[in-house]
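Note that the protein sequences, when read in sequence, are chains W and F.
Heads up, the first sequence is in this note's numbering, so the first residue is 275 and it goes up one at a time.
Heads up, the second sequence is in this note's numbering, so the first residue is 157 and it goes up one at a time.
The C-beta atom is built at its ideal place from N, Cα and C for all residues, glycine as well.
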Amino acid sequence: AQKVTQAQTEISVVEKEDVTLDCVYETRDTTYYLFWYKQPPSGELVFLIRRNSFDEQNEISGRYSWNFQKSTSSFNFTITASQVVDSAVYFCALSEDGGTSYGKLTFGQGTILTVHP
Amino acid sequence: KAGVTQTPRYLIKTRGQQVTLSCSPISGHRSVSWYQQTPGQGLQFLFEYFSETQRNKGNFPGRFSGRQFSNSRSEMNVSTLELGDSALYLCASSSGGGTGNYGYTFGSGTRLTVV
């Protein structure tokens, strides 16, 4: 069965600090998809990134970057030069391929990020 | 392009009552899935519908049910409400086949409080 673990429950930083959110996943499938979502106080889950299991290329997009390592089953997310508006709950999620996985994301417990001015 | 719309945003119900929540997906998306979010259990998958058929179901009691209409709008129903059903209910829509390859776009959720 699939599982996603976000070991960091809460992180508090001061504006302009870099912050990395950790995510470790478990799956038996060889084809799967990994996601990061952000949930501000309004409640909506905002999509940040999706990676498939065959794409280990790491990427930088503005202040965001991702580090996907299949060897350690990790999919970490870094915010560079954090801002107060980055304060939210961040979720890592896994979707397996195949019929039993239609519509199903398995989420980690979330990491509460607070960025202080 | 309109996003995923969930109605109502807030709802207060009494134990034992039933409730119906609505989700309108992004135009053209045929897959709609539902999630329950609680402080204790986190985000948990309820079920997924595609072209009016339930294709996948999470581990929830039969009091939780859903349906999808021909225009892809979906409703979920909870009967005989319990205090533990108080949660934020989120729906997500997906294009294509509704698998992770197509991604999921979430609505703002319906916050249900059972008193």
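- Contact note: W/L379 reaches chain F through S189, Y191, L199, F201, A248, G256 and Y260, using a C-beta cutoff of 9 Å and chain order.
- When secondary structure is reduced to three states using DSSP, F/L202 falls in the strand class.
- Rounded to whole angstroms, the separation of the alpha carbons of W/T354 and F/T266 is 33 Å.
- Taking the C-beta atoms as reference points, W/T352 is found nearer than 8 Å to W/D292.
- Between F/N215 and chain W, the shortest Cβ-Cβ separation is not below 8 Å.
- The residue among F/G214, F/G240 and F/Y205 with its C-alpha nearest the C-alpha of F/R223 is F/Y205.
- With respect to the C-alpha of F/Q162, the residue from W/K378, W/E318, W/F365 and W/Q282 having the closest C-alpha is W/E318.
- Taken in chain order, the unbroken stretches of beta strand (DSSP E) that lie wholly in the segment 228–269 of chain F and span 3 residues or more are 230–234 and 243–250.
- Annotation for F/Q200: Y191, Q192 and G214 place their beta carbon closer than 7 Å to its own, counting only its chain and skipping 5 residues before and after.
- The Cβ of F/F206 sits closer than 8 Å to at least one Cβ of chain W.
- With a threshold of 8 Å between beta carbons, W/F365 makes contact with chain F.
- Taking C-alpha positions only, F/V175 is separated from W/E330 by approximately 44 Å.
- Here F/V271 is exposed, its C-beta having fewer than 16 other C-beta atoms within 10 Å.
- Around the C-beta of F/S226, fewer than 16 other C-beta atoms lie within 10 Å, and the residue is accordingly described as exposed.
- Considering only W/F321, W/Y311 and W/S327, the residue with the shortest C-alpha distance to W/T305 is W/S327.
- Along the segment 313–324 of chain W, going in chain order, the ones with a CB nearer than 9 Å to a CB of chain F are Q313, S316, G317, E318, L319, V320, F321 and R324.
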